[in-house]
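Read the structure below first, then the notes.
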Amino acid sequence: MSHTATEVTVGGLVLAGAIAFGAYAVSATGFSIGGDKGYALDASFRSLEGINVGSDVRLAGVKVGSVSEIRLNPETYRADMTLMVQDGVRLPDDSSIVISSEGLLGGNFVEISPGGSPFYYGAGDEVLDTQGSVSLISLLLKYVAGGSE
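According to full-length UniProt numbering, the residues represented by the sequence shown are 1 to 149, in order.
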């Protein structure tokens, strides 16, 4: 009898720990069951190196969305991206999007630099002012090789 009570207690603790871990994992990753709330913007880049679906979209260092789709445009050979921006964030239609790095060893993220236009992007609009990611390896190779380009 005492083994059964101990087993039930240990099983309950393990189950409670698993539920707590699952709740933490969901909150830490920002996963939402209802899907992304917000509006979609499209952008085209020469290179999206280091960016994946789910990468952060930031404005002034604050996460305001995430990358929802990445695809290769077979006509232009550029990387096209769709990003979801939170509903409360209105972006002027002269804003630019840059692929930035968190540091030398950090990952890449999408940075939005807002413009000053009185008009705003709407759902499905395309941001034309973009700058792709810069390869650190190619920069180092140019420096080591003494290239002035």
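Note that the Cβ used here is the ideal one computed from N, Cα and C, for glycine as well.
Owing to the predicted nature of the structure, the values given are computational and were not obtained by experimental measurement.
{"Check": "Beta-carbon gap between Phe45 and Arg90 smaller than 8 Å", "Outcome": "no"}
{"Check": "Among Asn73, Ala18, Leu105, nearest to Asp42 - alpha-carbon criterion", "Outcome": "Asn73"}
{"Check": "Option nearest Leu104 by Cα separation, candidates Val127, Gly50, Val8, Thr4", "Outcome": "Gly50"}
{"Check": "CB of residue 151 within 8 Å of CB of Val110, strictly", "Outcome": "Coverage of the chain is limited to positions 1 through 149, which leaves residue 151 absent and any answer about it impossible."}
{"Check": "Burial state of Ala15, where buried means 16 or more other Cβ atoms lie within 10 Å", "Outcome": "Reading the sequence as shown, one finds Leu at residue 15 and not Ala. Counting Cβ neighbours within 10 Å, Leu15 comes out exposed, since fewer than 16 surround it."}
{"Check": "Distance, Val98 Cα to Gln131 Cα", "Outcome": "5 Å"}
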